[in-house]
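Numbering (the working numbering), first residue to last: 11 to 151.
Here a beta-carbon is modelled for each residue, glycine too, at the ideal position from N, C-alpha and C.
As the structure is a prediction and not an experimental result, all values here were calculated from the model.
Encoded as structure tokens, the structure appears first; notes follow it.
Encoded structure:
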């Protein structure tokens, strides 16, 4: 189980092909005694879409479930969401700074390279939806 990422969540909605699960993501200091008074503590609700084909249960809205993903899924997501855009920006910044003497133009060009990259990601989102999959299991209440 070392290669599995698990989070508990609540089924928020159901459609013909997907199950939407709300996961309450808390900061690492959530277990601290001063959690309620600390301004550094944060909590966010994330929504995860799970294909019904990957559901190991017959879920209803409001059911508590465990969402699991493999480490490979997480690594692939980080690669396409963080590492590749950073490398693209860095390479574009170096090339544009050598071609122009204006730092503002170089910075704008290096940020602008993200627009076509994000457009390509958006256009290929269905491929990613099939590759980056989650599965869920019903938790005993």
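Can residue i and residue j be called in contact, C-beta distance under 8 Å?
{"i": "residue 15", "j": "residue 91", "result": "no"}
{"i": "residue 19", "j": "residue 75", "result": "yes"}
{"i": "residue 24", "j": "residue 143", "result": "no"}
{"i": "residue 33", "j": "residue 58", "result": "yes"}
{"i": "residue 77", "j": "residue 31", "result": "yes"}
{"i": "residue 148", "j": "residue 26", "result": "no"}
{"i": "residue 86", "j": "residue 141", "result": "yes"}
On the three-state DSSP scale, how would you describe residue i?
{"i": "residue 72", "result": "coil"}
{"i": "residue 13", "result": "coil"}
Which same chain residues, not among the five before or five after residue i, have their C-beta less than 6 Å away from its C-beta?
{"i": "residue 123", "result": "98 and 102"}
{"i": "residue 35", "result": "54 and 56"}
Might you give, ordered along the chain, the residues of its own chain that have their beta carbon closer than 8 Å to the beta carbon of residue i, omitting 5 neighbours on each side?
{"i": "residue 82", "result": "13"}
{"i": "residue 127", "result": "94, 95 and 98"}
Below 7 Å CB to CB, which residues in the same chain sit around residue i once its five sequence neighbours on both sides are set aside?
{"i": "residue 29", "result": "21, 60, 62, 65, 69 and 146"}
{"i": "residue 120", "result": "99, 102, 103 and 106"}
{"i": "residue 3", "result": "With the chain covering 11 to 151 only, the question about residue 3 has no answer from this structure."}
{"i": "residue 110", "result": "116"}
Since residue i contacts residue j with CB under 8 Å, what's their CB separation in whole angstroms?
{"i": "residue 115", "j": "residue 106", "result": "7 Å"}
So within the region 64-144, which uninterrupted alpha helix (DSSP H) runs reach at least 4 residues, ignoring any that extend past its ends? 81-88, 94-109, 113-122, 124-133 and 135-141
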